[in-house]
Amino acid sequence: RKEVEQDPGPFNVPEGATVAFNCTYSNSASQSFFWYRQDCRKEPKLLMSVYSSGNEDGRFTAQLNRASQYISLLIRDSKLSDSATYLCVVNPSGGYNKLIFGAGTRLAVHP
Amino acid sequence: GAVVSQHPSRVICKSGTSVKIECRSLDFQATTMFWYRQFPKQSLMLMATSNEGSKATYEQGVEKDKFLINHASLTLSTLTVTSAHPEDSSFYICSAPTAEETQYFGPGTRLLVL
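So the sequences go chain by chain: W and H.
Everything in the first sequence is counted per this note's numbering, starting at 1 for the first residue and increasing by one.
Everything in the second sequence is counted per this note's numbering, starting at 1001 for the first residue and increasing by one.
The structure is reproduced here in structure tokens:
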């Protein structure tokens, strides 16, 4: 089983749609969680951290369920500029430690 | 936010040559940096952890004699791909954590070995 698994995608949605990505992780002791965005042929960029209480940043909402080892990202009112690959990322041990990346879910928003 | 640079951004080399990639944290110090590799349509895979003042820690399956890592200062780590072969062609990305433990990624180096 992969350490971090994501929806395979791709997701093709019209502008204005709401889209949800799911992710599961295998290490129950994992400390911190993130969603990164990666544009084609570019480096990943931090979209948002994910907290147990859930957190929101504008049109983006992230949720964490530690009991189910499940992470989600909801994007409301999709924009063309949201088209990218979204990476679910887990830090197993916290601190200055390695990040484990999911394979990513590709989102394509069309007019 | 913090800035991490990589050089070169793209390199094409002949099989059997060595290639050095630099990773710099521009506005913060990083005692630890990470090197990742990403093949097309795959996720980033951690290759090794670069530690300033000590040996790098390699992930399972990554040859330390082939991928030489030197963390020369608190702002510079280098990855040297020795005797490169076509199967080493990939996107190499470094990252560095800030004191707040947020990791910032360099822009990546695209390596093509002919």
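Here a beta-carbon is modelled for each residue, glycine too, at the ideal position from N, C-alpha and C.
Distance, W/His110 Cα to H/Tyr1036 Cα
31 Å
If you follow the beta strand (DSSP E) that W/Cys23 is part of, which residue opens it and which one closes it?
Taken as a continuous stretch (DSSP letters only), the beta strand (DSSP E) holding W/Cys23 covers Val19 to Tyr25.
Chain W beta carbons: is any one of them nearer than 8 Å to that of H/Leu1112?
no
Interface residues of the stretch 1016-1038 of chain H facing chain W [CB-CB below 7 Å]:
Thr1032 and Phe1034
Does any residue of chain H have a CB that is nearer than 8 Å to the CB of W/Glu43?
yes
Report all residues from its chain with a CB closer than 6 Å to the CB of W/Arg76; omit the five preceding and five following residues, and keep chain order.
Thr18 and Arg59
Among H/Ala1099, H/Glu1059 and H/Phe1105, nearest to H/Ser1067 - alpha-carbon criterion:
It is Phe, not Ser, that sits at residue 1067 of chain H in the sequence shown. When H/Ala1099, H/Glu1059 and H/Phe1105 are compared, the shortest CA-CA separation from H/Phe1067 is found for H/Glu1059.
Quick one, are the C-beta atoms of H/Val1004 and H/Gly1106 less than 8 Å apart?
yes
Determine the contact status of H/Gln1038 and H/Leu1046, defining contact as a CB-CB distance below 8 Å.
no
For W/His110, which residues does DSSP report across the bridge?
W/Pro14
Hey, how far is the Cα of W/Leu107 from the Cα of H/Ala1084?
34 Å
On the DSSP bridge list, what partners appear for H/Gln1006?
The bridge partners DSSP lists for H/Gln1006 are H/Cys1023.
By a C-beta neighbour count over all protein chains shown, 10 Å radius and 16 as the cutoff for buried, is W/Asn65 buried or exposed?
exposed
Using only the alpha-carbon positions, how far apart do W/Glu15 and H/Thr1057 sit?
For W/Glu15 and H/Thr1057, the distance between alpha carbons rounds to 45 Å.
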